[in-house]
Amino acid sequence: MGKVIRVDMEKLTAKVEDLPKKYVNRGGRWLTDSIVCDEIDPNCHPLGPNNKLVFAPGIVTGTKAPNSGRISVGAKSPLTGGIKEANAGTPFAEQLAPLGYSAIVVEGVPKEKGKYWQLEIDKKGVKLNEAKTGIGEVLSKAYGELFKEHGKHVGIASIGVSGEQQLSAAGICFNDIDGRASRFAGRGGLGAVMGSKGLKYIIVDDKGAKGVEIKDKKLFNEGRQKLAKALMTHDVTKKGGTLNTYGTAALINVMNEAGGLPTRNFREGRFEGAEKVSGEAIKAACEERGGAGLMGHPCHASCIIQCSNVYPYEDGTEHVSCIEYESDWAFGPNCGIDNLDQIAELVHLTNEYGLDTIEMGGTMAVAMEGGLAEFGDGEKAIELMKEIHKGSPLGKILASGAVTTGKTLGVTRVPACKGQNMPAYEPRAVKGIGYVYATSTMGADHTSGYTIAPEILGVGGSADPLDTDKSALARGFMDTTAFLDSTGYCLFIAFAILDISEGFDGMVETVNGVLGTSWTGDDVARIGKEITEMERAFNKAAGFTKHDDRIPEFMKLEKLPPLNETWNVPDSELDKVFK
Amino acid sequence: MMKIEIHLYGRLRRFTDNPDPGKPSVIKIEVPGGTTINGALEKAGVPTDEVGTNIFLNGRYSSLDRVIDEGGRLGVFPDDMNLLYKWHFDKE
């Protein structure tokens, strides 16, 4: 039987309970969603006493299954006003699960403002102490001090200065495999929720942990081997494959050729400076500069794809980890910036302040649209970003995200759905992802249903990117993803398991091995559907209607060069996704 | 005759005069109407056995057999930069 840590921030208590029976076999997104839907009033203020913040490692997290170190975080989102689930790959997840904890539920808000607390978890139990380290500081400094105090082996979850200020672009930061403050449950302002609760850190020490219980070890091991084999065979995920060699930023050149790389705040689909900021260019910089520069870096111990990187300064010392596709694009092509060192600095500052790189890159582009800087002016963008650490009114506006910034500056071209800025795929050029942006319970979110795989990358079936009939494709991907987000597996295993059926079987077998269930592919679809429908019901109760499942108007009016496509999918087609 | 620009990536860049991945590696050629992408690559001296599955003609995802009916831009990625696994994708 799993355990739940319940933290009451009003009474300042932390206690351990048994996981309610109805949640048995649930993990990750399925479990955070279940608790959010059962315990939170959908009409509560996201930063008020009735919202709750829920953490849950996935079903197979903490085992030796490959790429299984994800942690899911859920709450009502201050950015979208709907349900939010964001997840991260981090050793923190792999430490929490072996201690027997299925979830952490943080509720209430402290009576005393301006003070922060830290939750400490180890084999002896849990305690809530006042946090005195790193308040108002950059996260790298805070993590350095915490590791000194608690030992290098612990896992840390935290908020940065943006979360302390309760701003809607704030994420929750976790440590990476080398102790950097760099892995984020980034989207939807979950850091602001954590800030509203006065919770600055969660520190987990798994020394002496019993490990994750595996009901059927033989089945688990068979499944694990099948999955690992699929990952090590597939061109995208294998050692020396595309992701391992070039990182996720391999997509910069591909999306640029496809005319779907959003450029200068979604004005164009192709960026003339794309190659300067591509995965190939990152790899070349790592090789030429040497030193700390590294491709093929894992974010957590069980990762065998290893798509992360460490980007060096010119002298070879470490600048930031990692420049992945979304972050690279958000501050690069989307802001018209073609200088990798400036992009690295923007990603670095975003991490240091505890923010979501996608939302902040999107915000910076909207700020440029609104006249705060010229497109392409990286130095000015860096200056603007620093306003957030100062806590200036401008900094607070920017860290509230693209929609708030757009309203403040009188900008109409704001590429957001349900209040959340779009990620690095142009919906006018890749229609299926537009369906997902519009109808996802999460707001514009590519990870809700990565239709790019079949639309551009040719994985998991076939689909013409400009075909407008994509409701079933979008729904199928959203449901399957909801299941994967519950297992604790990295979404990138999808590249391999959608193409190699033994890999898919292996994934299901590892889950059955841990739980003692006998689920099949049909159960994957059934459970995924149950999850997305649960999320839809929460959003409906929070006031969302079909009119919130829409693409911004400017995309219907403005043709996107070079394909010269508009968003030409009728609203009635979007409404079919969840019919 | 149609003018086309062939943008090459990864190790295919060595067939152009720019091997630097930070800059475009482009071959500009003219081909007669009815030429396939395969034919254009052969004329440009790019061995198609090194070409992967991400091929874009004017932003449209394409196969090697596609006939180039107007000029423009061809983007070609090598087989070790595949973001594709199988040829099970309907291409133009």
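Listed in order, the protein sequences are those of chains A and B. First residue of the first sequence? That's 1 in this note's numbering, and the numbers climb one at a time after it. First residue of the second sequence? That's 1001 in this note's numbering, and the numbers climb one at a time after it. By construction, the Cβ of each residue, glycine as well, lies at the ideal position given by its N, Cα and C atoms.
- Per the DSSP secondary-structure output, D216 (chain A) pairs with nothing in a beta bridge.
- H1007 (chain B) is classed as buried because its beta carbon has at least 16 other beta carbons within 10 Å across all chains shown.
- Annotated three-state conformation of T263 (chain A) is strand, per DSSP.
- For H547 (chain A), no alpha helix (DSSP H) segment is defined, and its DSSP state is neither H nor E.
- In chain order, R428, M555, K556, L557, E558, K559 and L560 place their CB closer than 8 Å to the CB of T566 (chain A), counting only its own chain and leaving out the 5 sequence neighbours on each side.
- Cα atoms of D464 (chain A) and G449 (chain A): separation of roughly 16 Å, rounded to the nearest angstrom.
- In the three-state DSSP reduction, I1006 (chain B) falls in the strand class (E or B).
- With contacts defined as CB atoms closer than 8 Å, I252 (chain A) and V126 (chain A) fail to qualify as a contacting pair.
- Taking the C-beta atoms as reference points, H234 (chain A) is found no nearer than 8 Å to A453 (chain A).
- Going by C-alpha positions, E257 (chain A) is about 16 Å away from D338 (chain A).
- Under the criterion of beta carbons closer than 8 Å, N244 (chain A) and G279 (chain A) do not qualify as touching, at roughly 11 Å.
- Going by beta carbons, A192 (chain A) and L99 (chain A) fall outside the 8 Å limit.
- Within the same chain, and ignoring the five residues on either side of L167 (chain A) in sequence, the residues whose Cβ sits closer than 7 Å to its Cβ are A192, K396, A399 and S400.
- Residue contact check for E280 (chain A) against chain B: a CB pair falls below 8 Å.
- Around V430 (chain A), no beta-carbon contact reaches into chain B at under 7 Å, the shortest distance being about 10 Å.
- Contact between the region 167–181 of chain A and the region 135–145 of chain A is present, with at least three C-beta pairs closer than 8 Å.
- In chain order, V508, V511 and N512 place their CB closer than 7 Å to the CB of W519 (chain A), counting only its own chain and leaving out the 5 sequence neighbours on each side.
- DSSP places F477 (chain A) in the helix class (H, G or I) of the three-state scheme.
- Under the three-state reduction of DSSP, R70 (chain A) is assigned to strand.
- Within the same chain, and ignoring the five residues on either side of E164 (chain A) in sequence, the residues whose Cβ sits closer than 6 Å to its Cβ are G195.
- Look at the region 1060–1076 of chain B: the residues with a C-beta under 7 Å from a C-beta of chain A are Y1061 and G1075.
- Under DSSP, V1031 (chain B) forms a beta bridge with B:M1002.
- Residues of chain B whose Cβ lies closer than 8 Å to the Cβ of K276 (chain A) are, in chain order, G1022 and K1023.
- Taken in chain order, the complete alpha helix (DSSP H) segments of 4 or more residues contained in the region 68–123 of chain A are 91–96.
- In the displayed model, C322 (chain A) falls within coil according to three-state DSSP, outside both helix and strand.
- By the neighbour-count criterion, in which a residue is buried when 16 or more other Cβ atoms sit within 10 angstroms of its Cβ, V16 (chain A) is exposed.
- Sequence-distant Cβ neighbours of S321 (chain A) in its own chain, meaning closer than 6 Å and more than five residues away, are R180, S182 and V310.
- Residue state for K386 (chain A) is assigned as helix, using DSSP reduced to three classes.
- Within 7 Å of the CB of P423 (chain A), no CB atom of chain B is found; the nearest one sits about 17 Å away.
- The closest CA to that of E530 (chain A), considering only A:Y489, A:A330, A:F483 and A:K52, is found on A:F483.
- Taking 9 Å as the upper bound on Cβ-Cβ separation, chain B lies near residues Y246, A250, L251, N253, V254, N256 and E257 of the region 246–257 of chain A.
- DSSP places I531 (chain A) in the helix class (H, G or I) of the three-state scheme.
- For N1054 (chain B), the neighbours in chain A by C-beta distance under 7 Å run, in chain order, V254.
- The beta-carbon separation of P46 (chain A) and V109 (chain A), rounded to 11 Å, does not stay under the 8 Å limit for a contact.
- Between the C-alpha atoms of G58 (chain A) and L409 (chain A) there is a straight-line separation of about 41 Å.
- At the C-beta level, G198 (chain A) and G354 (chain A) stay beyond 8 Å of one another.
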